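Data block below; observations after.
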Amino acid sequence: MEFLHGNTDHPCMDTIYAGVRKRFPYISRATVYNTVRTLTRAGMLQEVLVQQDKTRVDPNVTRHHHFKCVRCGRIEDVPYGILTAAHVGRHAKGYHVEEVHVVMEGRCKRCR
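In terms of numbering that gives the first Met the number 0, the sequence shown opens at residue 0 and continues consecutively.
Structure follows, in structure tokens:
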């Protein structure tokens, strides 16, 4: 989806729909939602769950974590770093950890 290409804002579905609709005014919400779902299942997008009631979409499918600002709501990518599956797996006795998804919360550089 052209709207998501290079987008680092981690938009929610309503934002994606509004953005796509600017270029394609007659597109249905279902078409946009189904397209995002298909691209997510194909591994071309990933869902970011930072709120219980709102899923965000991330076109960056490389391994990384997320930081959510509690003041402005901005979501930023954080390098994979030390919190890897191997690191967590060493401390998760009896489990085989394949992937780790972390959402850190605090104040971003702009809001500090």
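Cβ coordinates follow ideal geometry from the N, Cα and C atoms, glycine included.
Remember, it's a predicted structure, so these values are computed and weren't measured experimentally.
- Message: Does K67 pass the burial test, meaning 16 or more other C-beta atoms within 10 Å, or should it be called exposed?
- Response: buried
- Query: Is the beta carbon of R70 sitting closer than 7 Å to the one on C110?
  - Reply: yes
- Task: Run the CB neighbour count on I74, radius 10 Å, all protein chains shown included, and call it buried at 16 or more, exposed below.
- Result: buried
- Message: Let's test the definition: count the other Cβ atoms within 10 Å of the Cβ of P78 and tell me whether it reaches 16, buried, or not, exposed.
- Response: exposed
- Message: For the region 48-64 against the region 2-15, do three or more pairs of beta-carbon atoms, one drawn from each stretch, fall closer than 8 Å, so that the two count as touching?
- Response: yes
- Task: Express the C-alpha separation of S27 and C107 in angstroms, rounding to a whole number.
- Result: 35 Å
- Message: Does M43 come out as helix, strand or coil in the three-state DSSP assignment?
- Response: coil
- Query: Per DSSP, what kind of secondary structure is K67 in: helix, strand or coil?
  - Reply: strand
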